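Protein chains: 2
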Amino acid sequence: MFEVFEKYVREKVAISDEEIQMIREASNVRKLRKGQSILHEGEIFSISCFITSGCMRVYRFDKNGVDHTIRFGIQNWWASDQESYNKGTPSEYNIEALAATIVLVWTKEKWDALLAASPALRKCNEEILARGYETSQKRIFSLISYSAAEKYHDFQKTYPGIFNSVPLHMVASYLGISRETLSRIRRDFS
Amino acid sequence: MFEVFEKYVREKVAISDEEIQMIREASNVRKLRKGQSILHEGEIFSISCFITSGCMRVYRFDKNGVDHTIRFGIQNWWASDQESYNKGTPSEYNIEALAATIVLVWTKEKWDALLAASPALRKCNEEILARGYETSQKRIFSLISYSAAEKYHDFQKTYPGIFNSVPLHMVASYLGISRETLSRIRRDFS
DNA sequence: CGATTCTTTGAAAACAGTCAATCTGTGTGG
DNA sequence: CCACACAGATTGACTGTTTTCAAAGAATCG
């Protein structure tokens, strides 16, 4: 479990064994069954949650009760609602495991303490946030400029790991198109 | 000029007069005419750029040469390409003034030094990044779940300040719809 | 005032969504 | 091992929305 995280951090920043050990001790392992949720809308999201294996999905319901996929997460990704986490406000999102999944979690208190104690972790954290923002910008560009077929192919190419882990109707909901449209795109392109 | 920024910072964090003074001394004022750009694609974006008045637009061309509005900025917003700034890579974006605009700029070197020297500024910076990410998430949800009309009304309601500062065809390009569609939405709803 | 940019409109075509039905694969219980 | 249930994926027919293209009407600016 933790080895995955250690490798992940060491690839991003130089960090001492002591710091790693401290981070390890503050962490908890959680195993999730397929379909299990770590966040329901209305709850406050107050953990840092790193995926070591499996697959997760962040989603949200619209006013008609239709769910929309905000984001997926697989190994080495974080599952979170930054807004709820930062502000301590009730979340509008849900986070569920799409398959058997193992995550490392830290409470917000412990994570804050770790950030204060470890400059390397702090740097790593900043990088993660920056990377997340850049990813969002790219996705926004694809959503405003691509056709349905282009969005599909771009997703498949950019995130093959995710593409191969999640059901197609969730890919459709991630891309903002209907599953039928996605199905027809697939038929026409292969 | 600088007063706008000082007020902005003080509303976010507690900061000493000395720190403010230091930030002020490192800053430069730049006046932009309508249509003037501070970034062309291919260049490296290596300044922090705070808008004290006026209006800016971050945009990008797709492979057909059509431009798409990534983001707008008005007073108290930042104009940037985080990815180019962070990684030092050539930008894929363009940033232009949509009207006479005054910005405060810091070179990346100076800004980094300020962040290192002022914990308050660093905290403020983190908040800005977090807020930017949250904003992106909201926009993604609107792009994948709203109809064209809903996107329009949401934008108008959420960012009235921007809505009233930019031409409609750019609003359309920001929302990912054609100007004709936007025009018809407006006709049908008033 | 003329030039340019921005916005609106109409008609046709392309595109995507909906609904209902069917097909496919997986896993479960008998 | 089979039959059945269930979730996921596909298809067809239809509807509705959005884009495209071409043109004309405002608004703005030198």
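Protein chains in written order, with the numbering used here: chain A, 1 to 190; chain B, 1001 to 1190.
Don't be surprised by glycine CBs; every beta carbon is placed ideally from N, CA and C.
Predicted model only: the values in this text are computed from it and were never measured.
Between the CA atoms of residue j and residue i - distance to the nearest angstrom
{"i": "Arg179 (chain A)", "j": "Asp188 (chain A)", "result": "14 Å"}
{"i": "Gly1161 (chain B)", "j": "His1169 (chain B)", "result": "16 Å"}
{"i": "Tyr59 (chain A)", "j": "Arg71 (chain A)", "result": "7 Å"}
{"i": "Gly65 (chain A)", "j": "Gly176 (chain A)", "result": "15 Å"}
{"i": "Lys1151 (chain B)", "j": "Ser1142 (chain B)", "result": "6 Å"}
{"i": "Phe1155 (chain B)", "j": "Phe1163 (chain B)", "result": "7 Å"}
{"i": "Asp1062 (chain B)", "j": "Glu1041 (chain B)", "result": "12 Å"}
{"i": "Ser37 (chain A)", "j": "Glu6 (chain A)", "result": "25 Å"}
{"i": "Ala1097 (chain B)", "j": "Cys1055 (chain B)", "result": "6 Å"}
{"i": "Ile1051 (chain B)", "j": "Leu1182 (chain B)", "result": "28 Å"}
{"i": "Arg33 (chain A)", "j": "Ala117 (chain A)", "result": "33 Å"}
{"i": "Gly132 (chain A)", "j": "Ala100 (chain A)", "result": "24 Å"}
{"i": "Ile1020 (chain B)", "j": "Val166 (chain A)", "result": "50 Å"}
{"i": "Ser1091 (chain B)", "j": "Phe45 (chain A)", "result": "34 Å"}
{"i": "Asp1017 (chain B)", "j": "Ile1023 (chain B)", "result": "10 Å"}
{"i": "Ala1026 (chain B)", "j": "Asp67 (chain A)", "result": "48 Å"}
{"i": "Ile15 (chain A)", "j": "Val1171 (chain B)", "result": "45 Å"}
{"i": "Leu39 (chain A)", "j": "Thr107 (chain A)", "result": "14 Å"}
{"i": "Glu83 (chain A)", "j": "Ser1080 (chain B)", "result": "21 Å"}
{"i": "Trp1077 (chain B)", "j": "Ile1128 (chain B)", "result": "9 Å"}
{"i": "Ala1120 (chain B)", "j": "Gly1073 (chain B)", "result": "24 Å"}
{"i": "Tyr85 (chain A)", "j": "Ile1140 (chain B)", "result": "19 Å"}
{"i": "Ser145 (chain A)", "j": "Tyr1093 (chain B)", "result": "14 Å"}
{"i": "Glu1109 (chain B)", "j": "Arg1057 (chain B)", "result": "24 Å"}
{"i": "Thr193 (chain A)", "j": "Tyr1174 (chain B)", "result": "With chain A covering only 1 through 190, there is no way to say anything about residue 193 (chain A)."}
{"i": "Gly1035 (chain B)", "j": "Glu1043 (chain B)", "result": "18 Å"}
{"i": "Thr69 (chain A)", "j": "Thr158 (chain A)", "result": "17 Å"}
{"i": "Glu1126 (chain B)", "j": "Lys31 (chain A)", "result": "31 Å"}
{"i": "Ala113 (chain A)", "j": "Lys87 (chain A)", "result": "17 Å"}
{"i": "Lys138 (chain A)", "j": "His153 (chain A)", "result": "14 Å"}
{"i": "Glu1011 (chain B)", "j": "Glu11 (chain A)", "result": "37 Å"}
{"i": "Trp111 (chain A)", "j": "Thr89 (chain A)", "result": "18 Å"}
{"i": "Ile95 (chain A)", "j": "Ile1095 (chain B)", "result": "36 Å"}
Assumed close pair residue i, residue j - CB separation to whole angstroms, cut-off 8 Å
{"i": "Ile185 (chain A)", "j": "Ala130 (chain A)", "result": "Rounded, the Cβ-Cβ distance is 32 Å, inconsistent with contact."}
{"i": "Ile1053 (chain B)", "j": "Gln1075 (chain B)", "result": "For the record, residue 1053 (chain B) in the displayed sequence is Ser; it is not Ile. Confirmed, Cβ separation roughly 6 Å."}
{"i": "Phe1002 (chain B)", "j": "Leu1104 (chain B)", "result": "7 Å"}
{"i": "Val1009 (chain B)", "j": "Ile1102 (chain B)", "result": "Not really, about 17 Å apart at Cβ, beyond 8 Å."}
{"i": "Lys123 (chain A)", "j": "Val13 (chain A)", "result": "5 Å"}
Residue i (DSSP reduced to helix, strand or coil)
{"i": "Asn1094 (chain B)", "result": "strand"}
{"i": "Asp81 (chain A)", "result": "coil"}
{"i": "Arg1033 (chain B)", "result": "coil"}
{"i": "His1169 (chain B)", "result": "helix"}
{"i": "Ser46 (chain A)", "result": "coil"}
{"i": "Ser136 (chain A)", "result": "helix"}
{"i": "Asp112 (chain A)", "result": "helix"}
{"i": "Asp62 (chain A)", "result": "coil"}
{"i": "His153 (chain A)", "result": "helix"}
{"i": "Met1056 (chain B)", "result": "strand"}
{"i": "Val1009 (chain B)", "result": "helix"}
{"i": "Ile74 (chain A)", "result": "coil"}
{"i": "Asn1164 (chain B)", "result": "coil"}
{"i": "Thr1089 (chain B)", "result": "coil"}
{"i": "Ile1051 (chain B)", "result": "strand"}
{"i": "Ile1023 (chain B)", "result": "helix"}
{"i": "Ile1177 (chain B)", "result": "coil"}
{"i": "Ile1185 (chain B)", "result": "helix"}
{"i": "Ile128 (chain A)", "result": "helix"}
{"i": "Ile1038 (chain B)", "result": "strand"}
{"i": "Ile1102 (chain B)", "result": "strand"}
Beta-carbon neighbours of residue i, restricted to chain A and to distances below 8 Å
{"i": "Val1176 (chain B)", "result": "With the sequence shown as reference, residue 1176 (chain B) is identified as Gly, and Val is not the correct amino acid for it. Within 8 Å Cβ-Cβ: Leu143, Ile144 and Ser145."}
{"i": "Gln1082 (chain B)", "result": "Ala130, Tyr133, Glu134 and Gln137"}
Contact list for residue i against chain B, beta-carbon separation under 7 Å
{"i": "Asn86 (chain A)", "result": "Ala1130"}
Near-chain B residues of the segment 131-150 of chain A - C-beta to any C-beta below 7 Å: Gly132, Tyr133, Glu134, Ser136, Gln137, Arg139, Ile140, Phe141, Leu143, Ile144 and Ser145
Residues, ordered as in the chain, of the segment 1050-1070 of chain B that lie near chain A by beta-carbon distance below 7 Å: Arg1060, Asp1062, His1068 and Ile1070
Residues of the segment 16-31 of chain A with Cβ closer than 9 Å to any Cβ of chain B, in chain order: none
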